[in-house]
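Written out below as structure tokens is the structure these notes cover.
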Amino acid sequence: MKALKTAVFLLALSCAGASAAAQSDNAVAARRALLFADSLNNAFRYNKWNEFINLSYPGVVRYYGGAEGFREYIKRARSVNSSIVEEKKERIELLQLVNDIREWQCVIRKTRETIIDGRKADVISYMVGQSKDTGQSWKYFDVAYNSVENVIYIMPDISDKLFIPERQIIFERDQLTKKN
Numbered sequence: 011m012k013a014l015k016t017a018v019f020l021l022a023l024s025c026a027g028a029s030a031a032a033q034s035d036n037a038v039a040a041r042r043a044l045l046f047a048d049s050l051n052n053a054f055r056y057n058k059w060n061e062f063i064n065l066s067y068p069g070v071v072r073y074y075g076g077a078e079g080f081r082e083y084i085k086r087a088r089s090v091n092s093s094i095v096e097e098k099k100e101r102i103e104l105l106q107l108v109n110d111i112r113e114w115q116c117v118i119r120k121t122r123e124t125i126i127d128g129r130k131a132d133v134i135s136y137m138v139g140q141s142k143d144t145g146q147s148w149k150y151f152d153v154a155y156n157s158v159e160n161v162i163y164i165m166p167d168i169s170d171k172l173f174i175p176e177r178q179i180i181f182e183r184d185q186l187t188k189k190n
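Straight run, no breaks: the sequence shown in the working numbering ends on number 190.
Okay, structure coming up:
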């Protein structure tokens, strides 16, 4: 009987250890996902194109014709947001993190405060990330510069567990700002 109790105790202890390790893996992957997403945003913000391309999901680079085609596309997209450096840094939030045996994937929500037609607005968009090395490094693509419908072409191995919301622009109610 004593041997049975000892065996049950050891089994429970090992299960608790495995659960704690899984939670720890989750926390590490979540922190790293946010770190790499922030690095991608900073590379875009400060025109560090090589860094931006290195942090980008390979499928999005191919989708735009390789590194040079992608660089030109991103430069054009960046020129539309020329005031981005003067604006506050985007806030990022991990919305979803999924894991299967081979990889991690995530959805990151980005919120950028800006002025549109003299009114304060929050532009909310999303990035999809993938890690194939247990959450240590991540590659992203920004759905804001692509359509949600194109996601499957850019990332054919996207998890069916991920939900990617549409981009939104939310205006602050009745808050008019001065035009410069």
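Just so you know, even glycine gets a beta-carbon here, dropped at the ideal spot from N, CA and C.
Exclusion of the five residues before and after G139 leaves A43, C116, W148, Y150 as the residues of its chain whose Cβ lies within less than 6 Å of its Cβ.
Per DSSP, E78 is one residue of the alpha helix (DSSP H) stretching across 76-90. The beta carbon of E100 sits closer than 6 Å to those of N51, K120, R122, all from its chain and outside the five residues before and after it, given in chain order. A direct Cα-to-Cα measurement between F80 and R86 gives close to 10 Å.
In this model, E182 and D127 are separated by some 12 Å (Cα to Cα).
In the DSSP secondary-structure assignment, N109 is bridged to W114. In the DSSP assignment, I126 forms a beta bridge with R129. Secondary-structure assignment with DSSP links Q178 through a beta bridge to I134. In this chain, the alpha helix (DSSP H) harbouring F62 covers 59-65.
Taking the Cβ atoms as the reference, A47 lies roughly 13 Å from W114, outside the contact range of under 8 Å. Nearest Cα to E82 within the set K171, I102, Y155: Y155. Around the C-beta of L65, 16 or more other C-beta atoms lie within 10 Å, and the residue is accordingly described as buried. I168 carries a coil assignment under DSSP once its states are collapsed to helix, strand and coil. Bounds of the alpha helix (DSSP H) holding Y73 are 68-73. If you ignore the 5 residues before and after G75, its C-beta comes within less than 6 Å of no other C-beta in its own chain. Taking C-beta atoms under 8 Å as the contact rule, R177 and I134 qualify, at a distance of about 7 Å. In the DSSP assignment, Y150 falls within the unbroken beta strand (DSSP E) covering 149-152. T144 and R129 have their alpha carbons spaced roughly 43 Å apart.
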